Amino acid sequence: MPVPHDVLAETELWDAFAESAFKAEAEPSFCWTQYAGHGPGAELLGSPGSVLEIGCGTGRALAHLAQQGVKANGVDLSPRMVQLAGDRWAPLGVRIEQGEILEWLAADESQYDAVYSIFGAAWFTDPSRLFPLVRESLVPGGVFVFSQPPAIPGAYGPQGMYKGGFAGKAMFTYRYSYRPAVWERLLTRAGFATAKAEVLEAPKHGHIGTLIVSARG
Ligand SMILES: C[S@@+](CC[C@H](N)C(=O)[O-])C[C@H]1O[C@@H](n2cnc3c(N)ncnc32)[C@H](O)[C@@H]1O
22 MPVPHDVLAE
32 TELWDAFAES
42 AFKAEAEPSF
52 CWTQYAGHGP
62 GAELLGSPGS
72 VLEIGCGTGR
82 ALAHLAQQGV
92 KANGVDLSPR
102 MVQLAGDRWA
112 PLGVRIEQGE
122 ILEWLAADES
132 QYDAVYSIFG
142 AAWFTDPSRL
152 FPLVRESLVP
162 GGVFVFSQPP
172 AIPGAYGPQG
182 MYKGGFAGKA
192 MFTYRYSYRP
202 AVWERLLTRA
212 GFATAKAEVL
222 EAPKHGHIGT
232 LIVSARG
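Per our numbering, the very first residue in the sequence shown carries number 22; after that it's consecutive.
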């Protein structure tokens, strides 16, 4: 059963997130997990000439790739984040556009060697609508990689999420959680040739791990 995303309300939520998450002094960095220096790096993308980060937020991962000579493009729902990150990383050649990812991809005619999301739009968008659009935005053989927290056992599908605690203005969005095998099935159904989803353990026993999913078009 699809959930009723409200793009305007979600935009307001992510604008509020931008005010606290964006730090002007933060340096470029690329990490798939929530633990700095833990897990694989940008090598999961292969050696792309061009990338698209969906839900790129602060843009630090794009900035890292731009420093390696990659043509780095990003999309984010929050106009505030796009303004902050866009201004911050433009001198490195990073290009960030504002848009809701389903609408943006449907209108975009470019193709990328790699599309990726780090706790980004792939977590907050219905995969049955997103994955076919990502597949079409890749060059033949291109890669799609995303990371996010693993599902809480028994809690699968769209999950409602309030922003910033349980008092005050009701701002919420939806994020999507499935078991690794289900992510793989959703990707192959969307036309990807191969798909692999795994949970990487946290650096400390008993802490929250990271789901990392890779697919090839
Ligand atoms: C948790 S943040 C993480 C982003 C990034 N990895 C970073 O380092 O900042 C998620 C981002 O996804 C964006 N986002 C959420 N839903 C989106 C959508 N439907 N289309 C585009 N961007 C979206 C939000 O605006 C937010 O900046």
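Cβ atoms here follow ideal geometry from the backbone N, Cα and C, with glycine treated the same way.
Everything numeric in this text was worked out from a predicted model, so none of it was measured.
Whole-number beta carbon distance between residue j and residue i, since they are thought to touch under 8 angstroms
| i | j | result |
| --- | --- | --- |
| Pro69 | Val96 | Actually they are not in contact, since the Cβ atoms of Pro69 and Val96 sit about 16 angstroms apart, beyond 8 angstroms. |
| Thr231 | Pro170 | 7 angstroms |
| Ala140 | His85 | Looking at the sequence provided, one finds Phe at residue 140 rather than Ala. With a Cβ gap of about 16 angstroms, Phe140 and His85 do not count as contacting. |
| Gly62 | Trp110 | Not a contact, Cβ separation roughly 18 angstroms. |
| Tyr137 | Glu48 | So it is not a contact: roughly 19 angstroms between Cβ atoms. |
| Phe43 | Ala82 | With 8 angstroms as the limit, Phe43 and Ala82 do not qualify as a contact, their Cβ atoms being about 14 angstroms apart. |
Cβ-based burial, residue i [other Cβ within 10 Å; buried from 16]
| i | result |
| --- | --- |
| Phe187 | exposed |
| Val28 | exposed |
| Phe167 | buried |
| Met102 | buried |
| Ile173 | exposed |
| Pro112 | exposed |
| Ser41 | exposed |
| Asp108 | exposed |
| Ser235 | buried |
| Phe165 | buried |
| Gln179 | Position check: residue 179 holds Pro in this sequence, whereas Gln was assumed. By the neighbour-count rule (16 or more Cβ atoms within 10 Å), Pro179 is buried. |
| Ser158 | buried |
For residue i, three-class secondary structure by DSSP
| i | result |
| --- | --- |
| Met182 | strand |
| Val24 | coil |
| Ser149 | helix |
| Ala202 | helix |
| Ala93 | strand |
| Ser41 | helix |
| Val103 | helix |
| Asp129 | coil |
| Ile75 | strand |
| Gln119 | strand |
Residue j beta carbon less than 7 angstroms from that of residue i
| i | j | result |
| --- | --- | --- |
| Tyr195 | Val24 | yes |
| Gly175 | Gly238 | no |
| Gly120 | Ala87 | no |
| Ala252 | Gly76 | With the chain running from 22 to 238 in the structure shown, residue 252 is simply not present. |
| Arg150 | Ala211 | no |
| Ala93 | Val72 | yes |
| Ala214 | Glu205 | no |
| Met192 | Leu66 | no |
Closer than 7 angstroms to chain D by CB, residue i
| i | result |
| --- | --- |
| Gln55 | Judged by its chain identifiers, the structure shown contains no chain D, having just a single protein chain. |
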